[in-house]
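In this note's numbering, the protein residues as written are -1 to 177.
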């Protein structure tokens, strides 16, 4: 059975390589990738790229996917405090699916209450350390690293480790095959 990954990005301002690189890795592994955002059509990347949105994030159910991957970028905070998205993420977690986020997007997981007591990383190159502060405030065990895997949760700190992040997500599936 083919692994299905839901990649969620902002309608405007997603980080291009944080979407394109993992999507390419997932597809090369034979995974099916479905792209979601708040509206159908085209999403616009921070660096000028475009992504076709397959489905509205509000119309998906966790039971239909094996993983959710949140893409970062300046548009990602638009999902902070989005109760429908928080519920979707909680459903993924309760079903023991893979939950992953890159760049500033781990803060979305933190706001959904999913990182309490979990090791996680986040984009932290801003002067005010917004991401780190949110993770700590929400009970995550912030670790300054490129990529962190804690059980079925995978977080990464930004665009540079996008490939490593994607391979870590793939690795979670291979580990579950071994058990």
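Built from N, CA and C at the ideal position, the CB exists for glycine as well.
Just to confirm the assignment, what range does the alpha helix (DSSP H) spanning residue i have?
i: residue 77; result: Here residue 77 belongs to no alpha helix (DSSP H), and DSSP marks it neither H nor E.
i: residue 82; result: 81 to 92
i: residue 24; result: 14 to 26
i: residue 130; result: 128 to 135
i: residue 104; result: 104 to 109
Report the partner residues of residue i according to the DSSP bridge assignment.
i: residue 97; result: 66, 151
i: residue 145; result: 154
i: residue 139; result: 117
i: residue 39; result: 51
i: residue 173; result: The partner list for residue 173 (beta bridge, DSSP) is empty, contrary to what the question assumes.
i: residue 10; result: 42
Would a C-beta distance cut-off of 7 Å place residue i and residue j closer than the cut-off?
i: residue 30; j: residue 2; result: yes
i: residue 80; j: residue 60; result: no
i: residue 32; j: residue 41; result: no
i: residue 166; j: residue 152; result: yes
i: residue 16; j: residue 155; result: no
i: residue 160; j: residue 19; result: yes
i: residue 163; j: residue 147; result: no
i: residue 73; j: residue 8; result: yes
i: residue 96; j: residue 170; result: yes
Which residue marks the beginning of the beta strand (DSSP E) containing residue i, and which one marks its end?
i: residue 30; result: 30 to 35
i: residue 51; result: 48 to 51
i: residue 6; result: 2 to 6
To which residues of the same chain is residue i closer than 7 Å at the C-beta, ignoring the five residues directly before and after it?
i: residue 38; result: 51, 54
i: residue 78; result: 105, 106, 109
i: residue 25; result: 31
Can you name, in chain order, every residue of its own chain whose Cβ lies under 8 Å from the Cβ of residue i, other than the five neighbours on each side?
i: residue 111; result: 84, 88, 136
i: residue 141; result: 117, 118, 119
Please classify residue i as buried or exposed, where buried requires at least 16 other C-beta atoms within 10 Å of its C-beta.
i: residue 82; result: exposed
i: residue -1; result: exposed
i: residue 113; result: buried
Going along the chain, which residues of its own chain have a beta-carbon closer than 6 Å to the beta-carbon of residue i, five neighbours each way excluded?
i: residue 70; result: 13, 16, 100, 101, 102, 103
i: residue 132; result: 105, 108
Quick check: is any heavy atom of the ligand MN less than 6 Å from the C-beta of residue i?
i: residue 108; result: Absence of the ligand MN is noted for the structure shown, with no ligands found whatsoever.
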